[in-house]
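Just so you know, my numbering puts 148 at position 146 of the sequence shown, and the rest follows in order with no gaps.
Even glycine gets a Cβ: it sits at the ideal position worked out from N, Cα and C.
Some notes on the structure that comes next.
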Amino acid sequence: MAAFEYEALEDSRTVRGVVQADSARQARSLLRDRGLVPLDVEPVRSGRGRRGGARSGRERALLLRQMSGLLRAGLPLEEVLALLVEQTDRAALRRPLAAIRSRVLEGGSLSEAMSEHPGLFPPLYWRSIAAGEQAGRLETVIGRLADHADKRAALSRGVLMALVYPLLLAVLSIAVVWGLIGFVVPRVVEVFDQSRQALPPLTRSLIWISDAV
3 MAAFEYEALE DSRTVRGVVQ ADSARQARSL LRDRGLVPLD VEPVRSGRGR RGGARSGRER
63 ALLLRQMSGL LRAGLPLEEV LALLVEQTDR AALRRPLAAI RSRVLEGGSL SEAMSEHPGL
123 FPPLYWRSIA AGEQAGRLET VIGRLADHAD KRAALSRGVL MALVYPLLLA VLSIAVVWGL
183 IGFVVPRVVE VFDQSRQALP PLTRSLIWIS DAV
């Protein structure tokens, strides 16, 4: 069973999503059974060799947290992936999740399926999941990866906030210096011109910079 991305009409409005079917024909039939008018049905392509869009750490952590919780509840992996596909609103996440589920349904392991989508699951994640599959502790490993993703996201936010203040200070400093050179110095130069005194090289350099500005 494969994943197909569709575009269809529902009550005069266009909807998009992903449906699981053996063929495009069956996918169209399933859409009609739901009361939809299929406009376009295309198989979800594998993401191997493509980075895809960069995903935020919080999104990845939430996804892994949901997966771990559903597996701990005793749901089969195929049903867990199906629920994640249905609950995901963003197409950028729904496509790779649907492709991962299709790969698992074809007999591949979860880690192999994830490795085809490095933009969503970097090597650290799918290699850890491969170790969890071999040890029979998949839900535990996924839960720890969710904790790891949470910590990385918090660290990234902390670094970003730490950079905001010096960046703001630098911008304000440049603005103040620009204002002094562009508006204050020319007024002071008028005083020097009236006094007709010889100016030191440093002062003449500052006046030259002000004229250039």
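Ranked by Cα distance from glycine 121, the options Gly59, Leu112 and Val193 are led by Gly59. Taking every protein chain shown into account, the CB of methionine 116 has 16 or more other CB atoms within 10 angstroms, so this residue is buried.
The three-state secondary structure of aspartate 91, taken from DSSP, is coil. Of the residues assessed, isoleucine 102 falls on the buried side of the cut-off, its CB having 16 or more other CB atoms within 10 angstroms. Glycine 71 and proline 78 have their C-alpha atoms some 12 Å from each other. Cβ-Cβ separation between valine 106 and glutamate 80: approximately 6 Å, consistent with a contact (criterion under 8 Å). Its chain contains Ser113 as the residues whose beta carbon lies nearer than 6 Å to that of alanine 132, once the 5 sequence neighbours on both sides are disregarded; these appear in chain order. Membership of arginine 15 in the beta strand (DSSP E) is indicated by the continuous run 15 to 23.
In this structure, DSSP gives valine 46 a state outside helix and strand, which the three-state scheme calls coil. Taking 8 Å as the cut-off, the beta carbon of glutamate 7 is found no closer than this to the beta carbon of threonine 16. Glutamate 118 sits in coil when the DSSP states are folded into three classes, being neither helix nor strand. In terms of Cβ geometry, glutamine 68 and leucine 83 do not form a close pair [threshold 8 Å]. Closest in C-alpha terms to aspartate 24, from the list Phe123, Ser104, Ala214 and Arg129, comes Ser104. When DSSP states are grouped into helix, strand and coil, phenylalanine 185 belongs to the helix group.
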